[in-house]
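*Asks:* My questions all concern the structure below.
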Amino acid sequence: MIKASDNKFMQIDKAVSIFLKFMQQEKGASDHTIKNYSRDLADLCMYLEDSAIDDIQDADFFTLRGFVAMLFDKGLAKSTIERKIACLKSFFAFMQKKNHTDDNPARMLKFPKKEQKAFKVFNIDSIIALLDAPDKDKPAGMRDALIQELMYGTGVRVSELVGLNLSDIDFGGMRILVRGKGKKERIVPIADMHIEMINDYLDVKMDICNGYLPDNEAIFINKFGSRLTDRSVRRIVEKYLKIAGLPMDFSPHSFRHSYATHLLEGGADLRTIQSLLGHESLTTTQKYTHLNLTELLRVYDATHPFASGKHD
1 MIKASDNKFM QIDKAVSIFL KFMQQEKGAS DHTIKNYSRD LADLCMYLED SAIDDIQDAD
61 FFTLRGFVAM LFDKGLAKST IERKIACLKS FFAFMQKKNH TDDNPARMLK FPKKEQKAFK
121 VFNIDSIIAL LDAPDKDKPA GMRDALIQEL MYGTGVRVSE LVGLNLSDID FGGMRILVRG
181 KGKKERIVPI ADMHIEMIND YLDVKMDICN GYLPDNEAIF INKFGSRLTD RSVRRIVEKY
241 LKIAGLPMDF SPHSFRHSYA THLLEGGADL RTIQSLLGHE SLTTTQKYTH LNLTELLRVY
301 DATHPFASGK HD
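Mapping the sequence shown onto UniProt numbering, position 145 (from 1) lands on 145, and the numbers just tick up by one.
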C-alpha cells in the first residue's frame with residue numbers, strides 16, 4: 001500500500017544535511033552550535049539506522065522517546081540530554097515547516113529536570129588576589145593581567161574575549177564592541193584603567209611572538225602570533241588560580257558570574273545587566289537575583305536571632 005506521505009520520502013542523512021545548511025547559512029548559527037547539532041543528529045542517525053528506519057517520516061514520537069531513553073541508559077549528563085532534545089525539537093520543527101514531514105514528533109518530548117548547579121562567584125578578596133597574580137613586568141604577564149581584568153570588568157564570555165579585534169576598541173569612547181552568540185553585537189563600557197592596560201600591552205605585544213604576527217587584528221595572541229583560543233584562556237586562569245591559592249573549581253566563566261553578581265549587589269538593575277551580558281531573555285539574567293537572594297538568606301540564618309536556619 002502506498003502511503004499518502006510517500007511523495008515526501010527523504011533519507012535521514014539528507015534531511016540532516018539540509019537542516020545544518022539552513023542553520024549555518026540562513027540562521028547564522030555559530031561553528032560551536034553547528035558542531036553540537038552535527039554530533040547530536042549523527043547520534044540520532046545511528047539510532048534510526050539500528051532501528052531500520054531510513055525515511056524521516058517514519059521517525060515518530062515513540063521512536064524518538066526510545067532514543068532519549070537510550071541516552072539516559074548511557075548515563076549521559078542531564079544537560080547533554082537536554083541539549084540533544086532541544087536539537088531534535090529544532091530539527092523536526094524545521095522538517096515540518098518545510099513540508100518534509102506531516103508533523104513534529106519531537107514536539108511532545110519532555111526535557112529532564114534541570115540539575116541545580118551552584119554558581120562559582122569570586123568574593124572581592126579572591127578577585128583582587130587573582131588579578132594581582134600575573135607578573136606585569138613581562139609581556140605575557142601583561143597580556144594575562146589584561147585578560148582577567150577585562151573578563152571581570154566587562155563580563156564577556158571567553159569566546160567573545162578571544163574574538164576581540166583592535167578595531168573593536170573605542171579608545172576615546174572607552175567602550176568595546178562585543179560579538180556574542182548568533183553574531184549579535186553589543187557595546188560594553190570599559191574603565192580608564194582598562195584603556196591604560198590595553199595601551200601598555202599593545203606596546204609590548206610583539207615581544208610575545210618575537211615580532212611574527214600573522215593576525216594583525218587579534219588582540220590576544222600566543223607565542224606564535226596566533227589568536228588565543230578558549231582553551232588557552234582556561235589554562236591561563238588555572239595558572240593564576242594556583243598562584244593565588246584559590247580553589248581550582250573556578251573557571252573563566254566565574255569572572256562573568258562575578259561581574260553580574262557584583263553589579264547586582266552594587267544596585268544595578270536587571271535590564272542594564274541583561275544588556276551588558278548580552279542575554280536575549282531577562283529570565284536568564286534573573287538567575288543572578290536567585291543567587292543574591294540565596295546569599296542574603298544564608299547571612300540571615302547565620303546572624304538573625306529569629307532565623308529558622310532552614311534556608312541553606
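In this text, a Cβ means the ideal position worked out from N, Cα and C, and glycines have one as well.
Between ASP230 and VAL158, which are expected to be in contact by the criterion C-beta below 8 Å, what is the C-beta distance as a whole number of angstroms?
*Replies:* Correct: roughly 5 Å between the Cβ atoms.
*Asks:* Provide the residue(s) that pair with ILE187 in DSSP beta bridges, ordered along the chain.
*Replies:* LEU177, per the DSSP bridge assignment.
*Asks:* Taking 7 Å as the cut-off, decide whether the C-beta atoms of THR94 and PHE19 are in contact.
*Replies:* The identity of residue 94 in the sequence shown is Phe, whereas the question assumes Thr. Going by C-beta atoms, PHE94 is nearer than 7 Å to PHE19.
*Asks:* For GLN148, does the three-state DSSP call read helix, strand or coil?
*Replies:* Helix.
*Asks:* By Cβ distance below 7 Å, which residues in the same chain neighbour SER126 in space, the five residues on each side in sequence not counted?
*Replies:* Only LEU246 meet the Cβ criterion.
*Asks:* Once DSSP output is grouped into helix, strand and coil, what is the label at residue 337?
*Replies:* Since the displayed the chain opens at 1 and closes at 312, residue 337 lies outside it and no answer follows.
*Asks:* Measure the C-alpha to C-alpha separation of ILE195 and ARG179 and round it to an integer number of angstroms.
*Replies:* Looking at the two C-alpha atoms, the distance is approximately 19 Å.
*Asks:* Within 10 angstroms of its Cβ, does ARG256 collect 16 or more other Cβ (buried), or is it exposed?
*Replies:* By the neighbour-count rule (16 or more Cβ atoms within 10 Å), ARG256 is buried.
*Asks:* Would you check if there are 3 or more beta carbon pairs closer than 8 Å linking the stretch 195-208 to the stretch 142-161?
*Replies:* At 8 Å Cβ cutoff, the stretches touch.
*Asks:* Just to confirm my understanding: we take MET70, look at its own chain, exclude 5 residues before and 5 after, and list those with CB closer than 8 Å. What are they?
*Replies:* Same-chain partners within the cutoff: TYR47.
*Asks:* Please name the residue, chosen from LYS181, TYR240 and ILE208, that lies closest to LEU228 on a Cα-to-Cα basis.
*Replies:* Ranking LYS181, TYR240 and ILE208 by Cα distance to LEU228 puts ILE208 first.
*Asks:* So which of ILE128, SER232 and ASP58 has the shortest CA-CA distance to HIS100?
*Replies:* Answer by Cα proximity: ASP58.
*Asks:* Given this structure, state the Cα-to-Cα distance separating ASP13 from ASP54, to the nearest angstrom.
*Replies:* Their backbone Cα atoms lie some 9 Å apart in a straight line.
*Asks:* Just to confirm, is the Cβ distance from PRO105 to GLU82 under 7 Å?
*Replies:* Result no, Cβ atoms of PRO105 and GLU82 do not sit closer than 7 Å.
*Asks:* Of the residues TYR288, VAL156, LYS287 and ASP168, which one's Cα is nearest the Cα of LEU276?
*Replies:* Nearest C-alpha to LEU276: VAL156.
*Asks:* Using only the alpha-carbon positions, how far apart do LEU241 and ARG107 sit?
*Replies:* One C-alpha to the other measures close to 44 Å.
*Asks:* With a threshold of 16 other CB atoms inside 10 Å of the CB of THR261, please say whether the residue is buried or exposed.
*Replies:* The residue in question, THR261, is buried, as its Cβ has 16 or more Cβ neighbours within 10 Å.
*Asks:* What I want to know is whether the C-beta of ILE81 ends up closer than 6 Å to one or more non-hydrogen atoms of the ligand SAH.
*Replies:* Summarising the ligand content, the structure contains no ligands, and the ligand SAH is consequently not present.
*Asks:* Does the distance from the CB of ILE273 to the CB of LEU263 come in under 7 Å?
*Replies:* Yes, they are a contact pair.
*Asks:* Short of 8 Å in beta carbon distance, which residues of its chain neighbour LEU109, apart from the five on each side in sequence? Order them along the chain.
*Replies:* Answer for LEU109: PHE61, LEU64, ARG65, VAL68, ILE85, LEU88 and LYS89, listed in chain order.
*Asks:* State the Cα-Cα distance for the pair LEU177 and LEU161, rounded to the nearest angstrom.
*Replies:* Each residue's Cα considered, the two are about 10 Å apart.
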